[in-house]
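Notes follow once the structure below has been shown.
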Amino acid sequence: MDRFKLRKAEPQDVPDILRLIKELAKYEEMEDQVILTEKDLLEDGFGDHPFYHCVVAEVPSEQQNSNNNGSVVIGFAMYYFTYDPWIGKLLYLEDFFVMKEYRGFGIGSEILKLLSLVSNTAVKTRCSSMHFIVAEGNQASIEFYKRRGAADLSLEEGWRLFKIDKSSLLKMSSGPEE
Amino acid sequence: MSNFILRKAEPKDVSDILRLIKELAKFEEMEEQVVLTEKELLEDGFGDHPFYHCVVAEVPQEKQSSDGYTVIGFAMYYFTYDPWIGKLLYLEDFYVMEQFRGYGIGSDILKLLSETAVKTRCSSMHFIVAEWNKTSIEFYKRRGASDLSDEEGWRLYAIEKEDLLKISAKKR
Numbered sequence: 001m002d003r004f005k006l007r008k009a010e011p012q013d014v015p016d017i018l019r020l021i022k023e024l025a026k027y028e029e030m031e032d033q034v035i036l037t038e039k040d041l042l043e044d045g046f047g048d049h050p051f052y053h054c055v056v057a058e059v060p061s062e063q064q065n066s067n068n069n070g071s072v073v074i075g076f077a078m079y080y081f082t083y084d085p086w087i088g089k090l091l092y093l094e095d096f097f098v099m100k101e102y103r104g105f106g107i108g109s110e111i112l113k114l115l116s117l118v119s120n121t122a123v124k125t126r127c128s129s130m131h132f133i134v135a136e137g138n139q140a141s142i143e144f145y146k147r148r149g150a151a152d153l154s155l156e157e158g159w160r161l162f163k164i165d166k167s168s169l170l171k172m173s174s175g176p177e178e
Numbered sequence: 001m002s003n004f005i006l007r008k009a010e011p012k013d014v015s016d017i018l019r020l021i022k023e024l025a026k027f028e029e030m031e032e033q034v035v036l037t038e039k040e041l042l043e044d045g046f047g048d049h050p051f052y053h054c055v056v057a058e059v060p061q062e063k064q065s066s067d068g069y070t071v072i073g074f075a076m077y078y079f080t081y082d083p084w085i086g087k088l089l090y091l092e093d094f095y096v097m098e099q100f101r102g103y104g105i106g107s108d109i110l111k112l113l114s115e116t117a118v119k120t121r122c123s124s125m126h127f128i129v130a131e132w133n134k135t136s137i138e139f140y141k142r143r144g145a146s147d148l149s150d151e152e153g154w155r156l157y158a159i160e161k162e163d164l165l166k167i168s169a170k171k172r
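Okay, here's the thing in structure tokens:
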């Protein structure tokens, strides 16, 4: 499996990106929670202001379901830039998945290497650090990241992730003045 | 204290934003960890591609703080992306100077952010809170916040620059 290629995602990759998002969600037993559509992904990732970036991993394919240049997309990483008020720009790794049958060949490592390069070298986006969340039950991923120097900030600094959902946001925006 | 306004931050607010970032860091006993400069805040927030957005709370001159400031609160946020539902508004920093608390300024800031989130078609607002920060946790829970670390087991990880450089230099 030397013959894989990593590249920036393009608009025509959107169906594959959604397919892989759903595969990863299925692995987390949450497939029906993916309500994002190809149209959303296209507008949000390839419009004037991208809200996310993707790199994809593709392998050559003789099969009919390959894309235009005879390849099949078998892995991806979705990331964007966040901001730490103490140090500045960060690269945030949102999703990261390689199809099961293509694991063990170093594709995941190469994707992470590419993301590390992106965070360090792009002049505009030079980042201090890469952040991401991992579910505490996901031992394989935790080990993968720890081997590469990742530190658990939830453990070290006590951070907990919160959300305020749309219905509560609506309540707040239209609520009475305090 | 009904006499305050909330507005989008402008380039001239950068020194106040940095001051308030440092005050909040001091509250968390981490003030020396703020290495960000006014120059970076200016480039990163008010250049071609803003990496963050800010709203500030301002009081009139006659109500200025005991140390002479009129910008007395702020919130820093940006947009993130959930691969299952799309755009989210991420609340990064949120602070009102101590002498201006208890007047509803924080509530109004959060209300403005909620309106922003809805207007920009975000599905949700996310943020992190330190587990010991009970006051903030209560503030957010009263407004419908749920603890995803608790409910779904998420933990925040970081790979620092030194290790990113190691990773990028590694041979296959």
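Quick note, the sequences are listed as chains A and B, same order. The numbering of the first sequence is my numbering, which starts it at 1 and goes up by one. The numbering of the second sequence is my numbering, which starts it at 1 and goes up by one. Here a beta-carbon is modelled for each residue, glycine too, at the ideal position from N, C-alpha and C. Everything numeric in this text was worked out from a predicted model, so none of it was measured.
Range of the contiguous beta strand (DSSP E) that encloses residue i
{"i": "residue 44 of chain B", "result": "Residue 44 of chain B -> not in any beta strand (DSSP E); alpha helix (DSSP H) instead, spanning 38 to 46."}
{"i": "residue 89 of chain B", "result": "86 to 96"}
{"i": "residue 133 of chain A", "result": "129 to 135"}
{"i": "residue 92 of chain A", "result": "88 to 98"}
{"i": "residue 25 of chain B", "result": "Careful: residue 25 of chain B lies outside any beta strand (DSSP E), inside the alpha helix (DSSP H) at 14 to 27."}
{"i": "residue 35 of chain B", "result": "Premise fails: residue 35 of chain B is in no beta strand (DSSP E) and is neither H nor E."}
{"i": "residue 75 of chain A", "result": "71 to 84"}
{"i": "residue 65 of chain B", "result": "Counting along the chain, residue 65 of chain B falls outside any beta strand (DSSP E), and DSSP gives it neither H nor E."}
{"i": "residue 57 of chain B", "result": "53 to 58"}
{"i": "residue 27 of chain A", "result": "Element bounds for residue 27 of chain A: not the beta strand (DSSP E) but the alpha helix (DSSP H), 14 to 27."}
{"i": "residue 124 of chain B", "result": "124 to 130"}
{"i": "residue 105 of chain B", "result": "Note, residue 105 of chain B: premise wrong, no beta strand (DSSP E); alpha helix (DSSP H) at 105 to 119."}
{"i": "residue 73 of chain B", "result": "71 to 82"}
{"i": "residue 8 of chain B", "result": "5 to 8"}
{"i": "residue 169 of chain B", "result": "Element bounds for residue 169 of chain B: not the beta strand (DSSP E) but the alpha helix (DSSP H), 161 to 169."}
Chain-ordered neighbours of residue i on chain A, where CB pairs are closer than 8 Å
{"i": "residue 44 of chain B", "result": "83, 88, 89"}
{"i": "residue 110 of chain B", "result": "172"}
{"i": "residue 93 of chain B", "result": "85"}
{"i": "residue 63 of chain B", "result": "Residues of chain A passing the Cβ test: none, with the nearest at roughly 18 Å."}
{"i": "residue 90 of chain B", "result": "82"}
Residue j beta carbon less than 8 Å from that of residue i
{"i": "residue 95 of chain B", "j": "residue 18 of chain B", "result": "no"}
{"i": "residue 114 of chain B", "j": "residue 88 of chain B", "result": "no"}
{"i": "residue 15 of chain A", "j": "residue 38 of chain A", "result": "yes"}
{"i": "residue 21 of chain B", "j": "residue 73 of chain B", "result": "no"}
{"i": "residue 149 of chain B", "j": "residue 155 of chain A", "result": "no"}
{"i": "residue 149 of chain A", "j": "residue 166 of chain B", "result": "yes"}
{"i": "residue 13 of chain A", "j": "residue 56 of chain A", "result": "yes"}
{"i": "residue 6 of chain A", "j": "residue 101 of chain A", "result": "no"}
{"i": "residue 173 of chain A", "j": "residue 111 of chain B", "result": "yes"}
{"i": "residue 76 of chain B", "j": "residue 164 of chain A", "result": "no"}
{"i": "residue 9 of chain A", "j": "residue 17 of chain A", "result": "yes"}
{"i": "residue 36 of chain A", "j": "residue 86 of chain B", "result": "yes"}
{"i": "residue 90 of chain B", "j": "residue 51 of chain B", "result": "no"}
{"i": "residue 170 of chain A", "j": "residue 97 of chain A", "result": "no"}
{"i": "residue 80 of chain A", "j": "residue 53 of chain A", "result": "yes"}
Terminal residues of the alpha helix (DSSP H) in which residue i lies
{"i": "residue 144 of chain A", "result": "139 to 146"}
{"i": "residue 141 of chain B", "result": "134 to 142"}
{"i": "residue 45 of chain A", "result": "38 to 46"}
{"i": "residue 7 of chain A", "result": "No alpha helix (DSSP H) holds residue 7 of chain A; the beta strand (DSSP E) holding it covers 5 to 8."}
{"i": "residue 174 of chain A", "result": "166 to 174"}
{"i": "residue 110 of chain A", "result": "107 to 121"}
Contacts of residue i in chain B (Cβ-Cβ under 7 Å)
{"i": "residue 80 of chain A", "result": "80, 81"}
{"i": "residue 158 of chain A", "result": "130, 131, 132"}
Amino acids of chain A, ordered along the chain, whose beta-carbon sits closer than 7 Å to that of residue i
{"i": "residue 97 of chain B", "result": "Correct list: empty, because the minimum Cβ distance to chain A is about 16 Å."}
{"i": "residue 35 of chain B", "result": "86, 87"}
{"i": "residue 118 of chain B", "result": "169, 170, 173"}
{"i": "residue 86 of chain B", "result": "36, 40, 44"}
{"i": "residue 115 of chain B", "result": "173"}
{"i": "residue 124 of chain B", "result": "163, 164, 165, 166"}
Proximal chain A residues relative to residue i, where beta-carbon distance stays under 9 Å
{"i": "residue 38 of chain B", "result": "The premise fails here: residue 38 of chain B is roughly 12 Å from chain A at the closest Cβ pair, so nothing lies under 9 Å."}
Neighbour list for residue i in chain B, Cβ cutoff strictly below 9 Å
{"i": "residue 4 of chain A", "result": "Neighbours of residue 4 of chain A on chain B: none; closest Cβ ~11 Å, over 9 Å."}
{"i": "residue 71 of chain A", "result": "Here the premise fails: no neighbours, minimum Cβ distance about 20 Å."}
Within chain B, partners of residue i - CB distance below 8 Å
{"i": "residue 135 of chain A", "result": "152, 153, 154, 155"}
{"i": "residue 120 of chain A", "result": "161, 164, 165, 168"}
{"i": "residue 62 of chain A", "result": "Those within 8 Å of residue 62 of chain A in chain B number zero; the least Cβ separation is about 25 Å."}
Check: residue i C-beta below 7 Å from any heavy atom of the ligand ADP
{"i": "residue 169 of chain A", "result": "With respect to the ligand ADP, the structure offers nothing, as it holds no ligand at all."}
Legend entry - Sufficient close CB pairs (3 or more, under 8 Å) joining the segment 155 to 166 of chain B to the segment 53 to 67 of chain B: no
Inset, instruction - Check distances from the C-beta atoms of the segment 127 to 148 of chain B to those of chain A and list, in chain order, the residues that come in under 9 Å. - result: 127, 128, 129, 130, 131, 132, 133, 137, 140, 141, 143, 144, 145, 146, 147, 148
Legend entry - Contact between the segment 27 to 47 of chain A and the segment 76 to 86 of chain B (3+ Cβ pairs under 8 Å): yes
Legend entry - Touching by the beta-carbon criterion (3+ pairs, under 8 Å), the segment 60 to 75 of chain B and the segment 99 to 106 of chain B: yes
Inset, instruction - Kindly confirm or deny that the segment 128 to 142 of chain A and the segment 83 to 97 of chain A touch, where touching means at least three C-beta pairs closer than 8 Å. - result: yes
Legend entry - chain A contacts from the segment 151 to 166 of chain B (Cβ-Cβ distance under 8 Å): 152, 153, 154, 155, 156, 157, 158, 159, 160, 161, 162, 163, 164, 165, 166
Inset, instruction - Evaluate contact between the segment 1 to 12 of chain B and the segment 131 to 150 of chain B, counting only Cβ atoms and requiring at least three cross-stretch pairs below 8 Å. - result: no
Legend entry - contact_flag[the segment 111 to 118 of chain A, the segment 113 to 133 of chain B] where n(CB pairs < 8 Å) is 3 or more: no
Legend entry - At least three beta-carbon pairs within less than 8 Å, the segment 37 to 44 of chain B to the segment 76 to 89 of chain A: yes
Legend entry - Residues in the segment 45 to 57 of chain B having any Cβ partner in chain A nearer than 8 Å: 49, 51, 52
Legend entry - Contact residues within the segment 96 to 108 of chain A, judged by C-beta distance below 7 Å to chain B: 106
Inset, instruction - Taking only beta carbons into account, state which residues of the segment 7 to 28 of chain A come closer than 7 Å to chain B, listed in chain order. - result: 21, 25
Inset, instruction - Please name the residues in the segment 3 to 26 of chain B whose beta-carbon is closer than 7 Å to at least one beta-carbon of chain A, in chain order. - result: 21, 25
Inset, instruction - Quick one: which residues of the segment 46 to 57 of chain A get their C-beta closer than 7 Å to a C-beta of chain B? List them in chain order. - result: 51, 52
Inset, instruction - Return the residues of the segment 138 to 155 of chain A that lie within a Cβ-Cβ distance of less than 9 Å from chain B, sorted by chain order. - result: 138, 142, 145, 146, 148, 149, 150, 151, 152, 153, 154, 155
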